[in-house]
Each structure stands twice: as structure tokens, then as C-alpha cells.
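Beneath this line is the structure, given in C-alpha cells, with notes to follow.
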Amino acid sequence: MRLPCMPHHELRYAKLAAGQQFQSNPSPNQLNFLSFAVFYRLMNNDYFILEDGEQKGPFTFAELTDRGLGIHERILSSQAEDWQDACDLPEFYPYFENCGIYLPTGDNLASFGWRLLAYVVDYIILSFVIQFIFIILASRGIKFNLQSVDDLLKLSAKDLLILQLISSLPLIIYNSICEASPMQGSVGKKLCKLVVVDIDGVRLSYPNALLRSIGKAFSVAFLCLGFISILFTEHRQALHDFLAKTYVVKRD
């Protein structure tokens, strides 16, 4: 599993447009964004690839990114001894991000604070949706008079089920659609520059997004206890992240 041993981003040059071609004499503006260490590595590094079982190359960084690169394409760097997946080479992170692939690493995982802020935004949005549903139900003679906890306890099993569906279904549908869409996250996450990805950093499939959203609904139903694990787990995963094998990444 790649994430636990992913190298740190001290050499990462994310502020420089991904996939940009480097000239032999880069401009001063480029050097302002690019650390000397990474610049030196890119300018003095050749890469070889495996294609149909044959080693091909050498290629420069620009040549590789221009031809297109898959995250699991096997690459041999002239500064390394072993073949590696492209997604395990830090210099290619910005290229993949430009392609909509956000590789989960040790230093780009979203903090509890950012995730909480995104949740608050989504909670406000969903509150309006749920209120609208209650208005529609009331217009059809289905009303819930809930003034206290005692009123809630007096509800029949059928009414409790309806209430649970009213509160859970919008959350499940909303998050599933958003996370499997090009947004890769809810409106709240979009505003907070967060994306939900799998271990390979790619957008979730609809089934996986649905599984995660169902898990999230359970987390919310049980006093949001499923979110607490974000605070102390190594990869800042909530219960629904463990369930769907997903990660929440903070975009630069």
C-alpha cells in the first residue's frame, strides 16, 4: 500500500503549472516557484519506461508528460536503482493533479478542521432540502409535531423510519452524486478545496461513492461518532472512509 511510505513533499513544486515544459534556461518566475533541488533533478534526470515488456528511453520529464502517463506506468529514473510506478515519483504529482488525479500523501490529507467546515456548509444546504421535503409532506397531510424528545419517543416505528429516510436519503444521494462527479466532492468540499479519492488518487466510481455515502449517513445517525477517527488515525480517515477505502485530500 503506497500511502504510508510516500515521500514527503519538501521537493514538491505544485505551484508551478503541471505538465509545463521546462526550457534549458528557465525564467526567473519559474525558479521562484521551483526549488533548486527539484529543478536540478528534473534538468539532470532521464527516464526509461516499460512498453510491451521492452525498456524504452531515455526520455526527459517534458517528453514523458507530453506523451501521456498512467499512474501505474513503470518508470526507471536515472537517479534510482529500481523501477517504480509513476505515481510514486514526487516530481510527477503536479502532472497527475493537472489530470484530476490527487494522490493521497502524508502531507496533503485534509485536516479535521477543513472537513468540519465543509460539513457545516453541506449541513446548511441539506437543511434547506430536508425542510422543503417536510413542506411537501405537510401539504399532503403528513405532519410531524416534534416539540421535544418526548414527542420523538412517542412516534411509531413507521414514523421513525420515515423521519430517518427523510434525513438520510438526501445526504446519501447528494454526496454520492457529487463525489462521483468531476467535482470529486460535495459543494462544501469544493469551497474548501477538498476532494475525495481512492488509494490511486482518482475519482470514485458511483458504487464506491454510494457505499461511502451510506457509511457517512450511519456516522451522522450515531451522533457523528464515525467522524472522530479523523483526529487520531494515521491517514485522517472517518469510518466511512475506512468502509469505502477512500481519502480526503486538500488541493493546493
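Count the sequence shown with my numbering and you get residues 3 to 254, in order. C-beta atoms are modelled at their ideal positions from N, C-alpha and C, and glycine is treated no differently.
Measuring C-alpha to C-alpha distances from Leu165 to each of Ala182, Phe136, Trp116 and Leu193 identifies Phe136 as the nearest.
In the structure shown, Pro60 adopts extended strand secondary structure according to DSSP, grouped into three states. Assignment of beta-bridge partners to Gln86 by DSSP yields Ile77.
For Glu99, the enclosing alpha helix (DSSP H) starts and ends at Tyr95 to Asn100. Per DSSP, Phe50 lies in no alpha helix (DSSP H) segment; the continuous beta strand (DSSP E) that holds it begins and ends at Tyr49 to Glu53. For the set Glu65, Lys191, Ser221 and Ile103, the Cα lying nearest the Cα of Gly203 is the one of Ile103. Taking 4 residues as the minimum length, the alpha helix (DSSP H) runs contained wholly in the stretch 196-250 are 208-223 and 241-246, in order along the chain. The beta carbon of Asn110 sits closer than 6 Å to those of Val251 and Lys252, all from its chain and outside the five residues before and after it, given in chain order. When DSSP states are grouped into helix, strand and coil, Lys252 belongs to the strand group. In the structure shown, Leu91 falls within a coil segment according to DSSP collapsed to helix, strand and coil. The continuous alpha helix (DSSP H) containing Ser129 extends over residues Phe114 to Ser141. For Leu111, the three-state secondary structure derived from DSSP is strand. Between Leu196 and Trp116, the CB-CB gap stays under 9 Å. Judged by pairs of C-beta atoms under 8 Å, the stretch 182-196 does not touch the stretch 228-235, as fewer than three such pairs exist. When only Cα atoms are considered, Phe134 and Leu167 end up about 14 Å apart. Under the three-pair Cβ rule at 8 Å, the stretch 92-103 does not count as touching the stretch 119-126.
Membership of Leu193 in the alpha helix (DSSP H) is indicated by the continuous run Val189 to Leu193. Gln186 sits in coil when the DSSP states are folded into three classes, being neither helix nor strand.
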